[in-house]
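Reviewing the structure listed below.
Numbering (my numbering), first residue to last: 20 to 255.
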């Protein structure tokens with residue numbers, strides 16, 4: 020696939036699963052890097068568009084409603100007033116509606132964004148190239164990290180942006196069922212653990228960083244977590 024055709028495909032659909040597109044990316048590092056950067060930009064754009072509803076919006080709307088009602092009653096004294104129960108019911112409905120919007124806007128957690136990144140990007144980051152421990156440590160250095168012993172097969176190591184946070188995504192183990200390791204800045208708060216029907220996650224907390232490990236095979240996940248706890252260190 021020539022360069023122009025490839026770029027048209029990935030620009031139209033950054034997460035394309037077209038076999039020819041994937042093969043073209045695997046065969047050409049320039050195409051592969053262009054596609055990787057494009058997907059990162061698309062994820063960053065999607066995350067930037069996720070705007071939370073202000074927590075006090077319900078109060079502001081309710082106050083505005085009450086103010087307008089009072090103003091109208093003074094300006095038009097002949098207008099019949101509605102029963103008190105009607106105003107109370109309207110206020111409750113408004114609070115419920117705003118609460119529902121606010122709840123849904125916060126439904127997407129940091130874990131959701133991480134899992135979305137794994138589902139959309141991970142398979143394209145595994146190119147079959149040999150990733151040495153030295154190469155991994157050179158990228159870890161940006162976060163003040165270093166690994167002092169081999170962790171098994173390193174499938175990929177790429178910087179990425181998740182929910183506006185720059186992190187390092189490392190994939191280890193079996194290419195068909197890799198374990199993902201995300202190196203995160205210390206200010207990023209992640210919960211202690213994650214468990215769904217098919218995904219499990221563990222967290223390692225360091226003084227200068229947090230590490231999130233996600234995989235589908237419990238035994239492999241535990242082994243990699245133990246290895247990282249023993250051999251991964253961070254400094255300021």
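Every residue, glycine too, gets a C-beta built ideally from N, C-alpha and C.
Original post:
For residue 254, which of 147, 245, 59, 161 has the nearest alpha-carbon?
Top reply: 161
Original post:
So, do the region 181-190 and the region 232-249 have three or more beta carbon pairs nearer to each other than 8 Å?
Top reply: The region 181-190, when compared against the region 232-249, does not touch it at the 8 Å Cβ threshold.
Original post:
Cα separation between residue 40 and residue 188?
Top reply: 23 Å
Original post:
Taking the alpha-carbon positions, what's the residue 246 to residue 61 distance?
Top reply: 33 Å
Original post:
In this structure, does DSSP put residue 177 in helix, strand or coil?
Top reply: Strand at residue 177.
Original post:
Who pairs with residue 159 in a beta bridge, going by DSSP?
Top reply: Looking at the DSSP assignment, residue 159 forms no beta bridge with any residue, so it has no partner.
Original post:
Within 10 angstroms of its Cβ, does residue 208 collect 16 or more other Cβ (buried), or is it exposed?
Top reply: Exposure of residue 208 is indicated by the presence of fewer than 16 other C-beta atoms within 10 angstroms of its C-beta.
**OP:** Check whether the region 44-52 touches the region 160-175, counting contact only when three or more Cβ pairs, one atom from each stretch, lie closer than 8 Å.
**Re:** no
Original post:
Can you name, in chain order, every residue of its own chain whose Cβ lies under 7 Å from the Cβ of residue 194, other than the five neighbours on each side?
Top reply: 145, 174
Subject >> Residue interval of the beta strand (DSSP E) (run including residue 252) >> reply: 251-253
Subject >> Beta-ladder partner(s) of residue 49, from DSSP >> reply: Bridge partners of residue 49: none, in fact.
Original post:
What does DSSP give as the partner residues of residue 183 in its beta bridges?
Top reply: Paired residues: none, contrary to the question.
Original post:
Helix, strand or coil for residue 37 per DSSP?
Top reply: coil
Subject >> Neighbourhood of residue 227 by C-beta distance below 6 Å, restricted to the same chain and skipping five residues each side >> reply: 163, 205, 253, 255
**OP:** My understanding is that residue 25 touches residue 50, with C-beta atoms under 8 Å, so please give their C-beta distance in whole angstroms.
**Re:** 5 Å
Original post:
Helix or strand or just coil, what does DSSP make of residue 220?
Top reply: strand
Subject >> Opening and closing residue of the beta strand (DSSP E) in which residue 200 lies >> reply: For residue 200, the uninterrupted beta strand (DSSP E) segment begins and ends at 196-204.
Subject >> Own chain, CB closer than 6 Å to residue 58, minus 5 neighbours either side, in chain order >> reply: 33, 140
Original post:
Does the distance from the C-beta atom of residue 169 to that of residue 155 stay below 7 Å?
Top reply: Result no, Cβ atoms of residue 169 and residue 155 do not sit closer than 7 Å.
Original post:
Just how far apart, CA to CA, sit residue 203 and residue 158?
Top reply: About 13 Å.
Original post:
Do you know how far the Cα of residue 152 is from the Cα of residue 186?
Top reply: 18 Å
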